[in-house]
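Reading through the structure tokens given below for one structure.
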Amino acid sequence: MSTAITTTDGDENAVLKLWKNVQENVLKAWVATKTGSVNAKEVALIKKLEFDIDNRKKKFGADYLTLKLDQQAGEEALQACINEAIFDIENLKRQITEHEKAIESNNADMRKKVEE
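Numbering (our numbering), first residue to last: 1 to 116.
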């Protein structure tokens with residue numbers, strides 16, 4: 001009595017092909033799940049940074065008006081306020097770009113692993 005798994009017509013190669021196909025699909029699902037969870041984290045960080053940009057813009061407006069109206073600051077102080085806000089917002093945008101690149105890299109890694 002043989003312990004080999006066969007199809008109803010006795011074709012062992014068909015069973016091996018089927019098994020290999022199942023293994024590949026499980027691997028693809030695992031890689032997609034792992035990549036998806038990492039990308040979800042990156043997307044959440046991007047959303048937080050976008051929220052931070054909006055908050056920084058609001059803070060800039062409040063700071064600028066305080067300097068202009070309440071403290072009657074000169075042009076140099078107002079320009080410094082503008083430059084600081086621009087610097088902060090550009091820094092946040094750079095961070096967003098880094099997270100977007102991480103997502104692209106994760107997707108490329110996933111495609112590479114699936115193709116292996």
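Glycine included, C-beta positions come from ideal geometry on N, C-alpha and C.
(message) Beta-carbon within less than 6 angstroms of residue 42's beta-carbon, same chain only, minus the 5 sequence neighbours each way: which residues are those?
(response) Excluding sequence neighbours, residue 42 sits near 99, 102 and 103.
(request) Tell whether a beta-carbon distance below 8 angstroms holds between residue 93 and residue 78. (result) One thing to note: residue 93 has its Cβ no nearer than 8 angstroms to the Cβ of residue 78.
(message) Pairs of beta-carbons, one from the segment 46-56 and one from the segment 83-90, closer than 8 angstroms: are there three or more?
(response) With a cut-off of 8 angstroms, the segment 83-90 and the segment 46-56 count as touching, because enough Cβ pairs lie within range.
(message) For residue 49 and residue 82, which I take to be in contact (beta-carbon distance under 8 angstroms), what is that distance rounded to the nearest angstrom?
(response) That pair is no contact at about 21 angstroms.
(message) Quick check on this structure: which residue in 108, 112 and 114 has the alpha carbon closest to the alpha carbon of residue 39?
(response) Cα-wise, what sits closest to residue 39 is 108.
(request) In the DSSP assignment, find the alpha helix (DSSP H) that holds residue 109 and state where it starts and stops. (result) Segment 75-115, the alpha helix (DSSP H) holding residue 109.
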